[in-house]
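Worksheet: one structure, shown below.
Number of protein chains: 2
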Amino acid sequence: MSEAKSSYHHGDLRQALIDGAIAEIAAGDPSQLSLRAIARRVGVSHAAPYRHFADKEALLAAVAEEGFCGLTAALTASFTTTEPQTLQQLTAGGHAYVTYALHHPHHYRVMFSSCPGPPERYPELATAGQAAFMVLVEAIIAGQAAGRVRAGDPMQLAQVTWSLVHGIAMLTIDGYLQSPDAQQVAELTALAMRSLVEGLQTPVNSAVVQ
Amino acid sequence: MSEAKSSYHHGDLRQALIDGAIAEIAAGDPSQLSLRAIARRVGVSHAAPYRHFADKEALLAAVAEEGFCGLTAALTASFTTTEPQTLQQLTAGGHAYVTYALHHPHHYRVMFSSCPGPPERYPELATAGQAAFMVLVEAIIAGQAAGRVRAGDPMQLAQVTWSLVHGIAMLTIDGYLQSPDAQQVAELTALAMRSLVEGLQTPVNSAVVQ
DNA sequence: ATCAAATGTTTACGCCGACAACATCAGACT
DNA sequence: AGTCTGATGTTGTCGGCGTAAACATTTGAT
Chain L
1 MSEAKSSYHH GDLRQALIDG AIAEIAAGDP SQLSLRAIAR RVGVSHAAPY
51 RHFADKEALL AAVAEEGFCG LTAALTASFT TTEPQTLQQL TAGGHAYVTY
101 ALHHPHHYRV MFSSCPGPPE RYPELATAGQ AAFMVLVEAI IAGQAAGRVR
151 AGDPMQLAQV TWSLVHGIAM LTIDGYLQSP DAQQVAELTA LAMRSLVEGL
201 QTPVNSAVVQ
Chain B
1 MSEAKSSYHH GDLRQALIDG AIAEIAAGDP SQLSLRAIAR RVGVSHAAPY
51 RHFADKEALL AAVAEEGFCG LTAALTASFT TTEPQTLQQL TAGGHAYVTY
101 ALHHPHHYRV MFSSCPGPPE RYPELATAGQ AAFMVLVEAI IAGQAAGRVR
151 AGDPMQLAQV TWSLVHGIAM LTIDGYLQSP DAQQVAELTA LAMRSLVEGL
201 QTPVNSAVVQ
């Protein structure tokens with residue numbers, strides 16, 4: 001099973017606790033998550049985590065931060081593999097977002113739960129979350145510059161886009177959409193992005209004026 | 001403050017515990033919610049709740065059920081005050097949905113958290129959640145019958161609509177959209193529904209064929 | 001008046017988060 | 001090689017938690 005601890009010093013206990021938290025969430029009820037169970041899984045005493053995290057909430061904030069970094073990477077990757085400044089790029093971003101949530105449901109739940117405390121207490125977490133959102137905002141701005149996305153406040157348009165994919169992601173991973181099949185979720189995401197894009201794109205009459 | 005208990009029997013302790021749970025959530029950190037704190041707030045011993053609920057999770061399931069009933073009522077009310085079978089009705093439903101979440105954030109969070117356990121354990125809760133969703137499905141079906149909503153699986157179109165408003169609701173009440181002003185949320189919802197409706201409506205060329 | 005069910009209270013247990021005090025290791029310095 | 005300090009672990013403790021068991025009180029039916 002887990003490799004035996006070769007010394008008193010773990011080496012990278014901080015990261016092991018983050019990984020252990022995800023494993024514990026995956027193994028059982030997220031609301032029953034306990035620091036002691038995580039410490040047992042990682043093979044240290046119940047007080048060892050307090051050498052790396054101020055408290056339980058701080059560990060969950062680190063999990064959320066890791067999740068946002070992964071989300072930003074996934075969004076950025078999807079954008080670099082599609083033609084920039086196009087609505088196809090936005091659609092690819094939507095798919096990447098939902099796919100990330102489906103592949104990392106435990107991270108995703110922690111990212112958007114109240115367990116990580118107020119953002120001002122965890123500036124790195126707030127920064128990571130903001131970075132993910134800004135990838136989206138920048139895509140909207142680029143699309144507007146290219147005349148493909150309608151005029152308007154890019155923050156607001158990005159918020160609408162985010163709301164849609166977040167809704168799909170949350171409702172899917174929590175089993176509300178009754179579409180456990182990845183194919184069905186992809187179809188739903190495609191439909192959603194298609195509808196949204198129709199609403200976001202620049203009306204035909206004004207595209208050339210851009 | 002709270003009326004003095006006139007007898008050993010509370011009278012309607014079950015409902016008082018549900019109300020007390022909401023009050024406790026409103027007063028502090030949702031993740032710190034405890035049955036004992038709820039019992040203290042209601043003025044009974046820590047074991048009294050076990051006469052009305054199997055456990056803490058069952059109490060939260062009752063809170064969620066109450067929330068879904070309220071949501072269904074809000075959606076239904078918005079539908080009866082707008083012209084049926086129109087995209088305006090869908091838009092009104094979207095606003096009603098987001099408004100309900102903003103007015104009942106504590107119910108809304110419980111409704112969509114993992115604290116209420118698997119739906120099969122709480123059939124009334126599952127039924128209440130399904131009822132809210134079916135209001136939306138029926139509006140889509142009616143719109144399709146009137147030739148105003150595009151052809152397609154009404155369940156899927158309803159899921160897209162639900163995802164959008166759910167995303168707006170969740171991101172707003174958890175403070176991710178940085179739009180605490182009700183006016184700004186209404187504007188965002190209007191923009192979102194407008195974009196969505198453009199994608200959902202029947203393309204002009206095929207409307208008359210319906 | 002009696003009885004049973006409903007509904008409350010008190011007591012107890014094990015687990016939890018968090019803190020304090022102590023123990024051990026690793027790296028820097030001499 | 002020895003010493004020292006900081007990093008990083010362990011052990012023990014405390015109060016609060018969820019939950020169960022046993023007991024107490026009220027209510028409604030007979």
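Going down the list, the sequences are from chains L and B. Just so you know, we're using the numbering used here here: the first sequence kicks off at 1 and counts up by one. Just so you know, we're using the numbering used here here: the second sequence kicks off at 1 and counts up by one. Each residue gets a CB set at the ideal place from its N, CA and C atoms; glycine is no exception.
- Cβ-Cβ separation between L:Leu191 and B:Gln156: approximately 6 Å, consistent with a contact (criterion under 8 Å).
- In the structure shown, B:Gln201 adopts extended strand secondary structure according to DSSP, grouped into three states.
- CA-CA distance, L:Val42 to B:Leu164, rounds to 39 Å.
- The alpha-carbon of B:Ala48 is positioned some 40 Å away from that of B:Val137.
- Excluding its 5 nearest sequence neighbours in each direction, L:Leu177 has C-beta neighbours in its own chain below 6 Å: Leu171, listed in chain order.
- Between the alpha carbons of L:Gln130 and B:Leu90 lies a gap of roughly 31 Å.
- Proximity of chain B to L:Ile140 at the Cβ level (cut-off 9 Å) is not reached, the minimal Cβ distance being about 12 Å.
- The three-state secondary structure of B:Val44, taken from DSSP, is coil.
- When the beta-carbon positions are compared, B:Ala132 and B:Leu75 come within less than 8 Å of each other.
- Residues of the segment 191-204 of chain B with a Cβ closer than 8 Å to any Cβ of chain L, in chain order: Leu191, Ala192, Arg194, Ser195, Leu196, Val197, Glu198, Gly199 and Leu200.
- Under DSSP, L:Val165 shares a beta bridge with no residue.
- Counting every other CB atom within 10 Å of its CB across the protein chains shown gives B:Glu24 a total of 16 or more, marking it as buried.
- Across the segment 137-166 of chain B, CB contacts with chain L closer than 8 Å involve Gly152, Gln156, Leu157, Gln159, Val160, Trp162, Ser163, Leu164, Val165 and His166, in sequence order along the chain.
- For B:Glu83, there is no enclosing alpha helix (DSSP H), as DSSP marks it with neither H nor E.
- One thing to note: B:Val135 has its Cβ within 8 Å of the Cβ of B:Thr72.
- In this structure, B:Ser114 keeps its C-beta atom at 8 Å or more from the C-beta atom of L:Pro105.
- Beta-bridge partners assigned by DSSP to L:Val149: L:Gln201.
- With the criterion set as a beta carbon lying under 8 Å from some beta carbon of chain B, the members of the segment 14-38 of chain L are Asp29, Pro30 and Ser31, in sequence order.
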